[in-house]
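Peer 1: Quick one: the structure is below, and I'll ask about it shortly.
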Amino acid sequence: MSVRPRRRLRHRQARCTCGWEGQRRWVVKAAAAIEAWSHAYGVGCAPREPLVVEAADLAAGDR
2 MSVRPRRRLR HRQARCTCGW EGQRRWVVKA AAAIEAWSHA YGVGCAPREP LVVEAADLAA
62 GDR
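All the letters of the sequence shown, read from the start, carry residue numbers 2 to 64 under my numbering.
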């Protein structure tokens, strides 16, 4: 599970390896991070380290 930026748009979205996707959150990544932690706690999924993935990391191939 991680919080990732969407391409060309200024919003964040939490995603999980179980297939769950959180609501798109404009600009504020803290809201998406809270939603990701809430999903992990409720379902039992393990959060990724680091939880927030920056666009530069995605371009470098860190997925």
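All C-beta atoms, glycine included, are put in the ideal place defined by N, C-alpha and C.
Going by beta carbon distance, what residues of the same chain come within less than 7 Å of His12, once the five residues before and after it are set aside?
Peer 2: Arg25, Arg26, Trp27 and Val28
Peer 1: Quick one: Cα of Ala15 to Cα of Val44, how far?
Peer 2: 14 Å
Peer 1: Using the rule of at least 16 other Cβ atoms within 10 Å of the residue's Cβ for burial, across every protein chain shown, is Gly20 buried or exposed?
Peer 2: exposed
Peer 1: Compute the Euclidean distance between the alpha carbons of Ser39 and Cys17, then round it to the nearest angstrom.
Peer 2: 12 Å
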